[in-house]
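Colleague:
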Amino acid sequence: NAGVTQTPKFRVLKTGQSMTLLCAQDMNHEYMYWYRQDPGMGLRLIHYSVGEGTTAKGEVPDGYNVSRLKKQNFLLGLESAAPSQTSVYFCASLPDRAQYDQPQHFGDGTRLSIL
Amino acid sequence: GQQVMQIPQYQHVQEGEDFTTYCNSSTTLSNIQWYKQRPGGHPVFLIQLVKSGEVKKQKRLTFQFGEAKKNSSLHITATQTTDVGTYFCAGETGTASKLTFGTGTRLQVTL
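Protein sequences appear in the order of chains A and B. For reference, each letter of the first sequence is one residue, going 6 to 120 in this note's numbering. For reference, each letter of the second sequence is one residue, going 352 to 462 in this note's numbering.
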């Protein structure tokens, strides 16, 4: 049981390049989330999904797009990377609200540097 | 938008001393969660508090949720070097179990 797996773990991009970060969970969780964490700060929610085929904006969605075509995968896309998007990106998943008291399960993170 | 502040930002203690971090939300929370993050790692869930005035203990860690469900604290008794890391509170409001993370308190423990 792998839990939440993020790929890649590290990436360096040039300004203007595009890329997709993949989050995969094998726990059949309904809810999935993408966060970014800048140095010395807490996590900020970028986008989230409450089920296959649904996505919604979080606190800091600008410059990012997401898709949830399959329940187990949540993709985060940067269409035109900017240095301000240099950060560590974390994905998390959660069972549906019926399973109360369950915490979000986090992946190990993707360290993204944009030059 | 909702804001969650934590104080202090950083604390350096000697092993055996106590440590407390405080968390304050600008809005009433459905629940509050506490996480610990080691350098280079991901947040690791510690506990969730749901009820007004709730107090929970985990060995040397004591967690409190305020009566108004807008503030919380984490107290560590007799710190150990293994307690080193950054402690985050995260408040849940609204739908979809969205979390707003606090700014974190970095704890350094020396012998």
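Built from N, CA and C at the ideal position, the CB exists for glycine as well. As the structure is a computational prediction, the values presented were derived from the model and not from experiment.
Are there three or more Cβ pairs, one per stretch, closer than 8 Å when the region 422-442 of chain B is compared with the region 373-380 of chain B?
Modeller: Result yes; three or more Cβ-Cβ pairs closer than 8 Å.
Colleague: Kindly examine the ligand COA and report whether one of its heavy atoms sits closer than 7 Å to the Cβ of I427/B.
Modeller: Looking at this structure, you won't find the ligand COA or any other ligand, since it has none at all.
Colleague: Reducing DSSP to helix, strand and coil, say where T456/B ends up.
Modeller: Working through the second sequence from its first residue, we reach residue 456/B at position 105. Reduced to three states, the DSSP call for T456/B is strand.
Colleague: So, under 8 Å CB-CB, Q22/A and S92/A are touching, yes? Tell me the CB distance rounded to an integer number of Å.
Modeller: In the first sequence, counting from the first residue as 1, residue 22/A sits at position 17. In the first sequence, counting from the first residue as 1, residue 92/A sits at position 87. Wrong, their Cβ atoms sit about 15 Å apart, outside the cutoff.
Colleague: If contact means a Cβ-Cβ distance below 7 Å, which residues of the region 387-417 of chain B contact chain A?
Modeller: Those residues of the region 387-417 of chain B that come within reach of chain A (Cβ to Cβ, closer than 7 Å) are H393, P394, F396 and Q399.
Colleague: Within a Cβ cutoff of 6 Å, which residues of the same chain sit near T413/B, ignoring the five residues on either side of it in sequence?
Modeller: As a first step, residue 413/B must be located in the second sequence, where it is residue number 62. If we look at T413/B and ignore the five residues flanking it on each side, its Cβ neighbours are H426.
Colleague: Taking C-beta pairs closer than 7 Å, name the residues in chain B that V55/A reaches, listed in chain order.
Modeller: Within the first sequence, residue 55/A is the residue found at index 50, counting from 1. Within 7 Å Cβ-Cβ: A447.
Colleague: When the cut-off is 8 Å and only beta carbons count, does Q77/A lie next to chain B?
Modeller: Translated into the one-based positions of the first sequence, residue 77/A becomes position 72. Output row for Q77/A: interface = no.
Colleague: Given a limit of 7 Å on CB to CB distance, which residues of the region 367-385 of chain B reach chain A?
Modeller: The region 367-385 of chain B vs chain A, Cβ under 7 Å: Q384.
Colleague: Please list the partners that L458/B has in chain A, where partner means a Cβ-to-Cβ separation under 7 Å.
Modeller: Looking up residue 458/B in the second sequence gives position 107. Neighbours of L458/B on chain A: none; closest Cβ ~14 Å, over 7 Å.
Colleague: Give the residues of chain B in contact with G68/A, contact being defined as C-beta atoms less than 9 Å apart.
Modeller: Looking up residue 68/A in the first sequence gives position 63. Those within 9 Å of G68/A in chain B number zero; the least Cβ separation is about 18 Å.
Colleague: Would the region 51-68 of chain A count as touching the region 441-456 of chain B if we require 3 or more Cβ pairs under 8 Å?
Modeller: Cβ pair count under 8 Å is three or more, so yes.
Colleague: Is there at least one Cβ from chain B nearer than 8 Å to L27/A's Cβ?
Modeller: Here residue 27/A refers to the residue found at position 22 when the first sequence is read from its first residue. L27/A does not count as touching chain B.
Colleague: CB D101/A to CB E57/A, shorter than 8 Å?
Modeller: On the first sequence, position 96 is the one that residue 101/A refers to. On the first sequence, position 52 is the one that residue 57/A refers to. Contact: no.
Colleague: Looking at V460/B: is its Cβ nearer than 8 Å to the Cβ of T430/B?
Modeller: Looking up residue 460/B in the second sequence gives position 109. Looking up residue 430/B in the second sequence gives position 79. Cβ distance < 8 Å, so V460/B and T430/B count as in contact.
Colleague: Measure from the C-beta of L425/B to each C-beta in chain A and report whether the shortest distance is under 8 Å.
Modeller: By 1-based counting over the second sequence, the position of residue 425/B is 74. Taking Cβ atoms only, chain A never reaches closer than 8 Å to L425/B, which makes this a no.
Colleague: Does the beta-carbon distance from P13/A to T115/A come in below 8 Å?
Modeller: Locating residue 13/A in the first sequence gives position 8, where the first residue counts as 1. Locating residue 115/A in the first sequence gives position 110, where the first residue counts as 1. Result yes, Cβ atoms of P13/A and T115/A sit closer than 8 Å.
Colleague: With a threshold of 7 Å on Cβ separation, who are the neighbours of E64/A within its own chain once the five nearest residues in sequence on each side are excluded?
Modeller: Your numbering for residue 64/A matches position 59 in the first sequence. Closer than 7 Å at Cβ, skipping near neighbours: R49 and L50.
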